[in-house]
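J.: Numbering (the working numbering), first residue to last: 13 to 344. All C-beta atoms, glycine included, are put in the ideal place defined by N, C-alpha and C.
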Amino acid sequence: TQVIGILSNSRNIHSHEKALDILQHMKRVYDEGSGGSNIRPNAVTYATVINAFARKGDIVGSKKGDAEGATDILKMMEDDCSNSVKKKHLKPNVRTYSTLINAWSKSGRDDAPQEAKKLLDKVIDLHSKGDLDEGPNVITYNSVIDSYAVQGDVEGASTILKMLEDDFQAGNLDAKPDMRTYSTFINAISKSGDIDAPKQAEDVLKKMNDLFLKGELDEAPSAITYSSVMDAYAAEGDINGATNILKLMKDAYTSGNKAARPNLRTYNILINTISKSGTENAPQQAEILLTTMIYLFSIKELPDGPNLFSYNTVMDAYAVQGDTDGASDVHE
13 TQVIGILSNS RNIHSHEKAL DILQHMKRVY DEGSGGSNIR PNAVTYATVI
63 NAFARKGDIV GSKKGDAEGA TDILKMMEDD CSNSVKKKHL KPNVRTYSTL
113 INAWSKSGRD DAPQEAKKLL DKVIDLHSKG DLDEGPNVIT YNSVIDSYAV
163 QGDVEGASTI LKMLEDDFQA GNLDAKPDMR TYSTFINAIS KSGDIDAPKQ
213 AEDVLKKMND LFLKGELDEA PSAITYSSVM DAYAAEGDIN GATNILKLMK
263 DAYTSGNKAA RPNLRTYNIL INTISKSGTE NAPQQAEILL TTMIYLFSIK
313 ELPDGPNLFS YNTVMDAYAV QGDTDGASDV HE
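1) Taking Pro125 as part of the alpha helix (DSSP H), name the residues at either end of that continuous run.
2) Enumerated in chain order, which unbroken segments of the alpha helix (DSSP H) with a length of 4 residues or greater are wholly contained in the segment 177–253?
3) So, with DSSP's three-state summary, where would you put Lys68?
4) Can you give the Cα-Cα distance for Asn114 and Gly17, rounded to whole angstroms?
5) What is the DSSP secondary structure of Leu112, counted as helix, strand or coil?
6) Going by beta carbon distance, what residues of the same chain come within less than 6 angstroms of Ala329, once the five residues before and after it are set aside?
7) Of the residues Met191, Thr83, Ser240, Thr57, which one's Cα is nearest the Cα of His101?
8) Here's the rule: buried if 16 or more other CB atoms are within 10 angstroms of the residue's CB, otherwise exposed. What is Ile207?
9) Looking at the structure shown, is Gln163 part of a helix, part of a strand, or coil, going by DSSP?
10) Let me know if Lys270 comes out buried or exposed under the rule of 16 or more other beta-carbons within 10 Å of its beta-carbon.
11) Should Ile25 go down as buried or exposed, given a rule of 16 or more other Cβ atoms within 10 Å for buried?
12) Decide if Asp78 is buried, meaning its Cβ has at least 16 other Cβ atoms within 10 Å, or exposed.
13) With DSSP run on the structure shown, which of helix, strand or coil describes Asp92?
14) Under 7 angstroms between the Cβ atoms of Ser20 and Asn63?
15) Taking 7 angstroms as the limit between beta carbons, can you name the residues of its chain near Asn184, skipping five residues before and five after?
16) May I have the straight-line CA-CA distance separating Cys93 from Leu86, to the nearest angstrom?
17) Could you give the DSSP three-state label for Gln297: helix, strand or coil?
18) So, are the CB atoms of Pro125 and Ser159 less than 7 angstroms apart?
19) In chain order, what residues of the same chain lie with their CB nearer than 8 angstroms to the CB of Lys76, ignoring the 5 residues before and after it?
20) Can you tell me which of the three DSSP states Gln333 falls into?
21) Do you know how far the Cα of Lys259 is from the Cα of Gln333?
22) Sort Pro104, Thr285, Arg277 by Cα distance to Lys134 and report the nearest one.
Have a look at this one:
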């Protein structure tokens, strides 16, 4: 199992296949009764091999269908456990299923949300029947929400968020929504392209602040969260909306929420929104913001100064209006 653990974390392109070979060898030797308990594969062994395949993005096996993937190894584990009283120690746990759910979430496949949801439903069902010691935890739910967020599926993400909140209210303390839960949901909204996405995202941000003030959320919204809401306004070209979120962010930071400190990405979102707005004074507004960034960095109020993207964005704003002198001044 220790060797399999090393292979699981290896960057070698074939490490997951080698891990599976060792697992299958352990199974054969143990089933033949020639290896004793020292070579008996356990739940950790299987989970580690599943993780090895998951890390390689190999969820359902090769395209030819002639090789196992993480899903097949989980089935192998479940079958071994159910077919023999001697192998009850192979019973999968929440972490096992969560590993595979996370792999689906990160796979980029079109069917990732549906497959992740199926596994979540399975975990809930197994736990309700007493076949799984623990119910899904916040990590499990977050991975499923993330799979919907990647595709900008607000309805799907919202459904899982409600399941999580209901599960916590029903007494599953491991299913308490956290910062990542709501930030991921905001990300789903921002990517959706819905006309009311900015307001939806801001409503979730306000909910997070309310929950934090009531002690129902362990952390206050961070710069990442605020920036995601700004992204929603930026996607609509709404300068005022993005500016208002930046103001809320600054207020939160000065009020003591150090995690809400505006950063380079924050200002780049706004400078990009201004530059692409097409308004007559967009280049000048963008340059003023660029100058502000330089100043804030000089007095250590901004962790990083403007980067190439910042400057290029302002130059593009001038270039769009045919103002080569303005673009040249920024370049210099």
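T.: Taking the definition as stated:
1) Working through the sequence shown from its first residue, we reach residue 125 at position 113. First-last of the alpha helix (DSSP H) with Pro125: 124–140.
2) 191–204, 209–225, 235–247
3) Position 56 of the sequence shown, counted from the first residue, corresponds to residue 68. Coil, per DSSP.
4) Locating residue 114 in the sequence shown gives position 102, where the first residue counts as 1. Locating residue 17 in the sequence shown gives position 5, where the first residue counts as 1. Cα to Cα, the separation comes out at about 18 angstroms.
5) In the sequence shown, counting from the first residue as 1, residue 112 sits at position 100. Leu112 falls in the helix class under three-state DSSP.
6) To locate residue 329, count along the sequence shown from 1; it is residue 317. Result list for Ala329: Ser287, Ala294, Pro295, Ala298, in chain order.
7) Position 89 of the sequence shown, counted from the first residue, corresponds to residue 101. Closest by alpha carbon: Thr57.
8) Taking the first residue of the sequence shown as 1, we reach residue 207 at position 195. The residue in question, Ile207, is exposed, as its Cβ has fewer than 16 Cβ neighbours within 10 Å.
9) Taking the first residue of the sequence shown as position 1, residue 163 is located at position 151. Coil at Gln163, not helix or strand.
10) Position 258 of the sequence shown, counting from 1, holds the residue named residue 270. Exposed, since its Cβ has fewer than 16 Cβ neighbours within 10 Å.
11) Position 13 of the sequence shown holds residue 25. With fewer than 16 other Cβ atoms within 10 Å, it is exposed.
12) The count along the sequence shown starts at 1 and reaches residue 78 at position 66. Unreliable positioning characterises Asp78 in this predicted model, as indicated by a pLDDT of 34, which lies under 50. A coordinate reading is not provided.
13) Your numbering for residue 92 matches position 80 in the sequence shown. DSSP places Asp92 in helix when its eight states are reduced to three.
14) The residue given as residue 20 occupies position 8 in the sequence shown. The residue given as residue 63 occupies position 51 in the sequence shown. Cβ atoms of Ser20 and Asn63: closer than 7 angstroms.
15) Within the sequence shown, numbered from 1, the residue matching residue 184 stands at position 172. If we look at Asn184 and ignore the five residues flanking it on each side, its Cβ neighbours are Gly147.
16) Position 81 of the sequence shown, counted from the first residue, corresponds to residue 93. Position 74 of the sequence shown, counted from the first residue, corresponds to residue 86. Distance between the alpha carbons of Cys93 and Leu86 is about 11 angstroms.
17) As a first step, residue 297 is located in the sequence shown; it is residue number 285 there, counting from the start. If DSSP states are grouped into helix, strand and coil, Gln297 belongs with the helices.
18) Sequence index remark: in the sequence shown, residue 125 carries index 113 (1-based). Sequence index remark: in the sequence shown, residue 159 carries index 147 (1-based). In this structure, Ser159 lies closer than 7 angstroms to Pro125 by Cβ.
19) The residue you call residue 76 lines up with position 64 of the sequence shown. Because the pLDDT of Lys76 is 36, which lies under 50, any placement of that residue in the model is unreliable, and the question is left without a value.
20) As a working note, residue 333 is residue 321 in the sequence shown. Three-state DSSP puts Gln333 in coil, outside helix and strand.
21) If you number the sequence shown from 1, residue 333 lands on position 321. If you number the sequence shown from 1, residue 259 lands on position 247. Taking the straight line from one Cα to the other gives about 29 angstroms.
22) One-based indexing of the sequence shown puts residue 134 at position 122. Measuring from the Cα of Lys134, the nearest candidate turns out to be Pro104.
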